Structures are given as C-alpha cells and as structure tokens.
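Participant: Oh and the sequence shown: position 90 is 292 in the UniProt record's numbering, straight run, nothing missing. Take a look at this one; I'll ask things after.
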Amino acid sequence: EQEVAENRKSLAIRVSGFDVPRPVKTFEDCGFAPELMRAIAKQGYEKPTTIQCQALPIVLSGRDVIGIAKTGSGKTASFVLPMIVHIMDQPELQKEEGPIGVICAPTRELAHQIFLETKKFAKAYGIRTSAVYGGMSKLDQFKELKAGCEIVVATPGRLIDLLKMKALTMTRATYLVLDEADRMFDLGFEPQIRSIVGQIRPDRQTLLFSATMPRKVEKLAREILSDPIRVTVGEVGT
Ligand code: ADP
Ligand code: MG
Numbered sequence: 203e204q205e206v207a208e209n210r211k212s213l214a215i216r217v218s219g220f221d222v223p224r225p226v227k228t229f230e231d232c233g234f235a236p237e238l239m240r241a242i243a244k245q246g247y248e249k250p251t252t253i254q255c256q257a258l259p260i261v262l263s264g265r266d267v268i269g270i271a272k273t274g275s276g277k278t279a280s281f282v283l284p285m286i287v288h289i290m291d292q293p294e295l296q297k298e299e300g301p302i303g304v305i306c307a308p309t310r311e312l313a314h315q316i317f318l319e320t321k322k323f324a325k326a327y328g329i330r331t332s333a334v335y336g337g338m339s340k341l342d343q344f345k346e347l348k349a350g351c352e353i354v355v356a357t358p359g360r361l362i363d364l365l366k367m368k369a370l371t372m373t374r375a376t377y378l379v380l381d382e383a384d385r386m387f388d389l390g391f392e393p394q395i396r397s398i399v400g401q402i403r404p405d406r407q408t409l410l411f412s413a414t415m416p417r418k419v420e421k422l423a424r425e426i427l428s429d430p431i432r433v434t435v436g437e438v439g440t
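The following block contains the structure:
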C-alpha cells in the first residue's frame with residue numbers, strides 16, 4: 203500500500219473513492235488482447251501517460267470515474283481502450299441494435315477527433331463507430347445509425363435530434379462517456395446531457411472527463427455517476 207501511495211505521489215496522481223485499483227506501469231499490465239496491443243503499438247504509444255496509468259485499471263475494473271487532467275494528457279485513450287474491451291466482452295455482438303458505447307463531446311471538432319482516435323482501435327475488431335454532430339447531413343447520419351453501430355461519438359444537441367427521430371435506441375448502451383464536461387457546461391448543454399443520461403440504463407458504466415472541475419460539474423457528476431473514483435493529475439483549477 204505504501205509503495206502504491208509513493209508511486210502515485212511520484213506521478214502526481216491524486217485519487218479519492220473506495221477500493222482504488224493500483225496504477226499500471228505498462229499497457230501489458232492492463233491485460234489487453236494481442237490485437238489491441240498491436241493497435242496501440244501501431245499508434246507509437248510506448249507506455250501509458252500518467253492519467254492512463256491510473257484511469258485504465260479503474261475503468262477496466264468497471265468502476266465509474268471522474269478524470270481530471272489538462273489538455274493533451276491522453277484522456278481519450280483512457281476511455282477508448284477500455285470501451286473496446288467492454289464491447290468485445292458482449293455476447294452476440296451483431297445481433298442487437300443501437301450503440302453500446304456512447305461518447306458526448308462539446309464541439310464537432312472534438313467529436314471528430316475522438317471519432318478518429320476510436321476508429322484506430324475499433325477497426326481491427328470490426329466494431330462500427332459513427333460520429334454525429336452538426337454541420338453534416340442529418341439524413342445521412344440517420345441512415346448510418348439505422349444501419350447499426352457499436353459506438354457513437356456525438357455532440358449532445360445532434361444526438362438528441364437523432365434520438366427523437368428514432369435513428370437509434372439506447373437499449374444496449376452500457377458505457378457512457380462525457381468528455382470535456384466543463385466545456386459542455388460552458389456551452390449550455392446541461393439539459394441535453396441530463397436528457398441523454400436519462401435515456402441510458404442506470405446500471406451503465408459512466409465516465410466523466412474534464413480539464414477543470416467547477417462546482418456545477420462536480421454536482422452533476424455526483425448525481426449521474428455511481429460510487430465514482432476521482433483521479434486528478436497535476437494542478438487543476440476549478
Ligand atoms: P486530452 O484528451 O487529455 O487533451 P488526447 O487524448 O487528445 O489528450 O491526447 C493527446 C495526444 O497524445 C494525442 O495526439 C494522442 O494520440 C497522444 N497520446 C495519447 N496517449 C499516448 C501515449 N500513451 N503515448 C504517446 N502518445 C499518446
Ligand atoms: Mg480530450
């Protein structure tokens with residue numbers, strides 16, 4: 203325990219919550235399958251970044267996480283890699299419809315970046331990823347979602363429009379990510395986020411990532427996550 207605490211301290215990781223898994227040092231420590239290890243190596247990722255060292259084992263254990271670390275620290279792979287594992291753990295993958303993993307991001311640019319990062323790892327497994335955000339044809343997105351996908355990366359407004367159009371159902375969604383939660387609040391997406399969360403089964407795994415953690419974001423996190431572990435890397439303002 204002492205050693206784990208010192209290891210966290212040397213990495214400038216702070217955690218709160220009960221039964222926190224210890225940080226990993228390598229991607230091998232995460233127990234990823236060979237295909238996923240190859241995809242990681244292909245990206246040139248040699249070892250996990252600091253936030254990944256602590257967030258990966260927690261997310262892989264199925265716990266809810268509040269992850270706070272500055273921009274550029276590698277938060278995306280902290281939720282994308284365990285999402286691939288989560289999806290591959292589902293029986294009879296192609297038989298049901300609707301996404302298993304749902305990722306919300308504040309802007310189309312960010313949604314697109316997450317989409318690209320996700321595809322790098324999802325492709326090797328034949329996992330279908332769709333991106334839905336404003337500025338692209340709603341009808342095309344409707345058709346794409348109707349054809350089926352395992353992961354959807356979306357801005358909140360567009361996702362709600364498509365849910366209303368019944369382009370997708372959330373019946374098999376069990377892995378929800380709210381990325382850049384602080385910016386989603388700044389852009390006024392709180393009602394949309396609450397609506398989306400309300401349409402996903404409560405026994406889901408929920409992850410919330412942010413560069414800062416203002417009180418209103420903390421409050422939402424406490425409402426929609428279950429027994430979350432909070433992981434902070436470095437000095438982070440509110
Ligand atoms: P954040 O979401 O925290 O702002 P990103 O997830 O966008 O950060 O990652 C920032 C950059 O670091 C991206 O270009 C990404 O490909 C790269 N990256 C992520 N994880 C690793 C890693 N383990 N090793 C090397 N580069 C990485
Ligand atoms: Mg990010």
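Where a beta carbon is used, it is the ideal one built from N, C-alpha and C, also for glycine. Small disclaimer: the values here were computed from a predicted structure and weren't measured.
1) Below 8 Å between beta carbons: does that hold for I253 and V433?
2) Just checking, does the stretch 257 to 272 make contact with the stretch 322 to 329 on the three C-beta pairs under 8 Å criterion?
3) Taking the alpha-carbon of A349 as reference, which of L370, G336 and D363 has the nearest alpha-carbon?
4) Contact between the stretch 227 to 235 and the stretch 382 to 395: three or more CB pairs below 8 Å?
5) When you compare each of C255, S332 and Q204 to L318 by their alpha carbons, which one comes out closest?
6) Return yes when the C-beta of G243 is under 7 Å from any heavy atom of ligand 1, and no when it is not.
7) Thinking C-alpha only, which one of R417, I431 and P358 is nearest G400?
8) Could you give the residue range of the alpha helix (DSSP H) that holds S280?
9) What are the complete beta strand (DSSP E) segments, minimum 3 residues, inside the stretch 315 to 348?
10) For K277, is the beta carbon positioned less than 7 Å from some heavy atom of ligand 2?
11) Within 10 angstroms of the Cβ of Q245, are there 16 or more other Cβ atoms? Answer buried if so, exposed if not.
12) Measuring only from the beta carbon, is E248 closer than 7 Å to any heavy atom that is part of ligand 2?
13) Quick check: the Cα distance between S280 and K368, rounded to an integer number of angstroms?
Facilitator: From the atom records:
1) For the purposes of this step, residue 253 is identified with residue 51 of the sequence shown, where counting begins at 1. For the purposes of this step, residue 433 is identified with residue 231 of the sequence shown, where counting begins at 1. Their beta carbons are under 8 Å apart, which means I253 touches V433 by this criterion.
2) no
3) The residue labelled residue 349 in the question sits at position 147 within the sequence shown. Among L370, G336 and D363, the Cα nearest to that of A349 belongs to L370.
4) no
5) Start at 1 with the first residue of the sequence shown, and residue 318 comes out as number 116. Nearest option by C-alpha distance: S332.
6) On the sequence shown, residue 243 is found 41 positions in, with the first residue counted as 1. According to the sequence as given, residue 243 is Ala; it is not Gly. False, no ligand heavy atom lies under 7 Å from that Cβ.
7) As a working note, residue 400 is residue 198 in the sequence shown. When each option's Cα is compared against that of G400, the closest is P358.
8) To locate residue 280, count along the sequence shown from 1; it is residue 78. Segment K277 to M290, the alpha helix (DSSP H) holding S280.
9) 331 to 334
10) Along the sequence shown, one-based indexing puts residue 277 at 75. For ligand 2, at least one heavy atom lies less than 7 Å from the Cβ of K277.
11) Your numbering for residue 245 matches position 43 in the sequence shown. Result: exposed.
12) Mapped onto the sequence shown, residue 248 falls at position 46. Because no heavy atom of ligand 2 lies under 7 Å away, the Cβ of E248 does not count as near it: no.
13) Your numbering for residue 280 matches position 78 in the sequence shown. Your numbering for residue 368 matches position 166 in the sequence shown. Distance between the alpha carbons of S280 and K368: 30 Å.
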